[in-house]
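Structure, as structure tokens:
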Ligand SMILES: NC(=O)c1ccc[n+]([C@@H]2O[C@H](COP(=O)([O-])OP(=O)(O)OC[C@H]3O[C@@H](n4cnc5c(N)ncnc54)[C@H](O)[C@@H]3O)[C@@H](O)[C@H]2O)c1
């Protein structure tokens, strides 16, 4: 499968490695900064003759890749993905797939119209711990779901935000929720049944006066199935990353996944004792070197299989849109001081420009 990378910064490393594992045929590396594309190419064996581009339209029209990854700054994901989908190219879009509801909806609409595979890169869904929890939900082990919580207590200091000018801006990124916490927010919504009735939230910027967006978000979620959710996400924790923890509570079970990025089952307690807690903890144990986990490889394998077999990927564009919708609803609720009903119509991160100035 002919494959190209659009955006050769930090996270493209994991995409390139996953593409190698899937034996994809690299046909182009694109970055508006030529040296970044050259540097990424240099990390992949046998790619020395693969062409470098600084214009992605030129690259996709000349090289006709069958699959691309969009690993640019968050503010440019939607425009680039839409141009690729219009040309019938399958796309893996880094999270968040878009920064507005209208862009996210357009990605979903076009993906269906063009019948291409569009995957939203929420790789933590492939954590062994998360797969086990999802199976427990699907098998009804929890009974009625009561509530779930997502706690992302991380630290990002000035040197992190100084890495690139887009970080922490409304137009290019959003804040802690849209960037760092979106994975856990995606998991909470997906595990609790996807359909959300309303959201109420506070957001603030307490520690990072040099960024535009929030560094703390606290939200309550009312799911349509009668369950509730609690979200606490921040990049303010002294002195470094503390935890990313997901809890699900139901009538007949409770689960807590923790570790650096919900990659460890810490609690597994069900009325149905067919699986011993210590066994599931051992079977699902993963110790990734960083908060990105091992999920990119599994995600690429799934996308390759989805393209080959003309099926939807495990994580769809709709999934990506749901995560973005949750966060935009949180932003809107906090800005307006009232609960916000879903589905959310038109809302974009840029609607909140100036909120913390
Ligand atoms: N899934 C995850 O766990 C995870 C982890 C880190 C980052 N991300 C997401 O990945 C994206 C990139 O993050 P990063 O840390 O690699 O950022 P980065 O700034 O290191 O890389 C982005 C690259 O895209 C390039 N670029 C910008 N516009 C372009 C365009 N029009 N055409 C080609 N190249 C362009 C930039 O020059 C830069 O090299 C962000 O949206 C971020 O939220 C996801």
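Numbering (the working numbering), first residue to last: 3 to 359.
Glycine included, C-beta positions come from ideal geometry on N, C-alpha and C.
Checking the 7 Å criterion, the Cβ of residue 35 is within range of a heavy atom belonging to ligand 1.
Measuring C-alpha to C-alpha distances from residue 87 to each of 44, 67, 101, 102 identifies 67 as the nearest. An exposed status is given to residue 197, since fewer than 16 other beta-carbon atoms sit within 10 Å of its beta-carbon. With the rule of 3 Cβ pairs closer than 8 Å, the stretch 327-341 does not count as touching the stretch 151-167.
Residue 43 is positioned such that its CB atom lies no closer than 8 Å to that of residue 62. CA-CA distance, residue 200 to residue 231, rounds to 10 Å. Check the Cα spacing between residue 126 and each of 248, 352, 256: the tightest is with 248. Contact check for residue 295 and residue 181: beta-carbon distance about 16 Å, past the 8 Å limit, so the pair fails to qualify. With fewer than 16 other Cβ atoms inside 10 Å of its own Cβ, residue 35 counts as exposed. With fewer than 16 other Cβ atoms from the protein chains shown falling within 10 Å of its own Cβ, residue 278 counts as exposed.
In this structure, the straight-line span from the alpha carbon of residue 334 to that of residue 349 is close to 8 Å. Scanning its chain for C-beta atoms nearer than 6 Å, with the 5 sequence neighbours on each side dropped, one finds around residue 316 the residues 304, in chain order.
In this structure, the C-beta of residue 170 stays at least 7 Å away from each heavy atom of ligand 1.
Taking 4 residues as the shortest admissible run, the stretch 280-344 contains the following complete alpha helix (DSSP H) segments, listed from N- to C-terminal end: 297-310, 319-338. 8 Å or more divides the Cβ of residue 124 from the Cβ of residue 100. The criterion of a C-beta distance shorter than 8 Å is not satisfied by residue 93 and residue 110.
When distances are taken from the beta-carbon of residue 9 to the heavy atoms of ligand 1, the shortest one is below 7 Å.
In the structure shown, residue 275 falls within a coil segment according to DSSP collapsed to helix, strand and coil. For residue 48, the closest C-alpha among the options 287, 76, 64, 19 is that of 19. Of the heavy atoms belonging to ligand 1, none sits nearer than 7 Å to the Cβ of residue 104.
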